[in-house]
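In what follows, a single structure is set out as structure tokens and then discussed.
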Amino acid sequence: MKNTIRIIVGILFLFAGSIQATDVTNQDSTAYTVKVQGEGNLSISTHNIAANGTLYGLCGYTFCSFEIPGHKVNANRDGKLTIRNGKFVQ
746 MKNTIRIIVG
756 ILFLFAGSIQ
766 ATDVTNQDST
776 AYTVKVQGEG
786 NLSISTHNIA
796 ANGTLYGLCG
806 YTFCSFEIPG
816 HKVNANRDGK
826 LTIRNGKFVQ
């Protein structure tokens, strides 16, 4: 029984490490449309982020580029980005 529990916990830790993805927090009082482009142009998607809102899990690749009007930045899969004064800060 104890070995089974250890195996299950080990598997959960393995999966938890592999599902990391970039989060974006908007500290502005303005809503934005965030364009997310996966590494090597594998995918492009857009997401609406509300004023003072947060979006979770936007990048499942090794890295992605994130763009709002007038500003673009790259981030790793496990990164955290913040929008402040119309720009991304890491």
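Heads up: the sequence shown begins at 746 in my numbering, then just goes up one per residue. Just so you know, even glycine gets a beta-carbon here, dropped at the ideal spot from N, CA and C.
- Task: Mark G824 as exposed unless 16 or more other C-beta atoms lie within 10 angstroms of its C-beta, in which case mark it buried.
- Result: Along the sequence shown, one-based indexing puts residue 824 at 79. Counting Cβ neighbours within 10 Å, G824 comes out buried, since at least 16 surround it.
- Message: Check whether chain C comes within 8 Å of A796, counting only Cβ atoms and requiring the distance to be less than that.
- Response: No chain C appears in the structure shown, which is made up of a single protein chain.
- Query: How close, in whole Å, do the beta carbons of T791 and T778 come, if the pair is a contact with beta carbons under 8 Å?
  - Reply: By 1-based counting over the sequence shown, the position of residue 791 is 46. By 1-based counting over the sequence shown, the position of residue 778 is 33. Going by Cβ atoms, the distance from T791 to T778 rounds to 5 Å, so yes, they are a contact pair.
- Count the other C-beta atoms from every protein chain shown that fall within 10 angstroms of the C-beta of T775, then say buried if there are 16 or more, exposed otherwise. As a first step, residue 775 is located in the sequence shown; it is residue number 30 there, counting from the start. Looking at its Cβ environment, which holds fewer than 16 other Cβ atoms inside 10 Å, T775 is exposed.
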